[in-house]
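Student:
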Amino acid sequence: MIYDKLSKYYDQFLDLELYDIYYKLIKKHIRKGNVIDLGTGTGILAIKLAKEDFFVTATDISTRMLETAYNNALLENVDIRFFIHDILEQLNQPYDLIVMSSDVINYLDSESDIKKAFKNINDVMTKDSIFIFDFLRPKYLDSLNNYSEDIELEDTIIIWKIIKTDTLNQVKHTLTMGNDVETHIQTTYELKKYKELLNSQNLKVVKAKTLDERIILVCERKSN
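Under the working numbering, the letters of the sequence shown match residues 0 to 223, in that order.
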């Protein structure tokens, strides 16, 4: 996977300010407890939380990303449990805080998959748990059409192109490295739709923070 090859450079392309925003939001709602960071990437947020009074588990679908996150945790001298996981798969223990940052949800391309992910999250929440995630705003995703960048790495170049597909609010990323070509689809919806999908899985939004590129939602279980 090209994303695996990109893992050692991944932090160069991230909006590090986003993790600071997440951190401040989290600290307003919960001070300690068991946390799972779904789609942790290189572990930036997981490491921030592990330095506080949190017991942190971090997952990702990419082995190389997790390897990078593990090495970053070693460098920061923090204890984090890592394992490979797809958000469409069930989790096996309750958490006080579930985090899914940096538009992880937008890599699911159907409402049914989003519902499944939300169900899996709800299944490991208690009445006091908090779930925080973000999604790309449709107008921002639309602005990415015809984006192109040549990313110069130490020993190669990755050509990154983005185009809109025929599906509403959906783009295709194409990454080329030498003879390797990889594509990723990102799909998003309006806030109203995410609220509907959350509601269908007994979850509700208690706070929404709107940024230029995305909206962060703080959620909890609905009371019966």
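Glycine included, each C-beta is placed from N, C-alpha and C at the ideal position. Nothing here was measured: the structure is a model prediction, and the numbers come from that model.
Return the CA-CA distance between glutamate 153 and tryptophan 159, expressed in angstroms with no decimal places.
Tutor: Each residue's Cα considered, the two are about 16 Å apart.
Student: At the level of alpha carbons, what is the spacing between methionine 176 and alanine 49?
Tutor: Going by the C-alpha atoms only, they are around 35 Å apart.
Student: Alpha carbon to alpha carbon, how far is isoleucine 25 from glycine 32? Give it in angstroms, no decimals.
Tutor: Cα to Cα, glycine 32 sits roughly 11 Å from isoleucine 25.
Student: What residue range is occupied by the uninterrupted beta strand (DSSP E) comprising glutamate 16?
Tutor: Premise fails: glutamate 16 lies in the alpha helix (DSSP H), 15-28, not in any beta strand (DSSP E).
Student: For leucine 190, report the span of its alpha helix (DSSP H) as first-last.
Tutor: Unbroken alpha helix (DSSP H) run through leucine 190: 190-199.
Student: By Cβ distance below 8 Å, which residues in the same chain neighbour asparagine 119 in space, the five residues on each side in sequence not counted?
Tutor: Ile86, Leu87, Glu88, Gln89, Leu90, listed in sequence order.
Student: Spatial neighbours of glutamate 110 within its chain, please: C-beta separation below 7 Å, excluding the five flanking residues on both sides.
Tutor: Excluding sequence neighbours, glutamate 110 sits near Leu196.
Student: Run through the DSSP bridge pairs and tell me what histidine 172 is partnered with.
Tutor: Ile161, His183, per the DSSP bridge assignment.
Student: Tell me the rounded alpha-carbon separation between isoleucine 29 and tyrosine 139.
Tutor: Their backbone Cα atoms lie some 30 Å apart in a straight line.
Student: Just to confirm, is the Cβ distance from aspartate 229 to phenylalanine 134 under 8 Å?
Tutor: Nothing can be reported for residue 229, as the shown portion of the chain is limited to 0 through 223.
Student: Out of curiosity, what's the CA-to-CA distance linking asparagine 168 and threonine 182?
Tutor: Computed Cα separation, rounded: 17 Å.
Student: What number of angstroms, rounded off, separates the C-alpha of isoleucine 83 from the C-alpha of glycine 38?
Tutor: Roughly 9 Å separates the two Cα atoms.
Student: Apart from the five residues on each side of it in sequence, which residues of its chain come closer than 7 Å, Cβ to Cβ, to glutamate 189?
Tutor: Closer than 7 Å at the Cβ level, and outside the excluded window around glutamate 189, lie Pro137.
Student: On the CB-based measure, 16 or more other CB atoms within 10 Å of its CB, does threonine 155 come out buried or exposed?
Tutor: Counting Cβ neighbours within 10 Å, threonine 155 comes out exposed, since fewer than 16 surround it.
Student: Tell me the residue span of the beta strand (DSSP E) that contains aspartate 95.
Tutor: Run containing aspartate 95: 94-99, per the beta strand (DSSP E) assignment.
Student: Would the beta-carbon of phenylalanine 132 fall within 8 Å of that of leucine 13?
Tutor: No, the pair does not count as a contact, with Cβ atoms beyond the cut-off.
Student: Would the beta-carbon of asparagine 105 fall within 8 Å of that of threonine 209?
Tutor: No, the Cβ-Cβ distance between asparagine 105 and threonine 209 is not below 8 Å.
Student: Can you name the start and end residues of the alpha helix (DSSP H) that tyrosine 69 belongs to?
Tutor: Its alpha helix (DSSP H) spans residues 62-75.
Student: Can you list, in chain order, the residues of its chain whose CB lies under 7 Å from that of leucine 143, leaving out five sequence neighbours each side?
Tutor: Ile161, Val170.
Student: What does the Cβ neighbour count give for valine 205, buried or exposed, with the cut at 16 atoms within 10 Å?
Tutor: Valine 205 comes out exposed.
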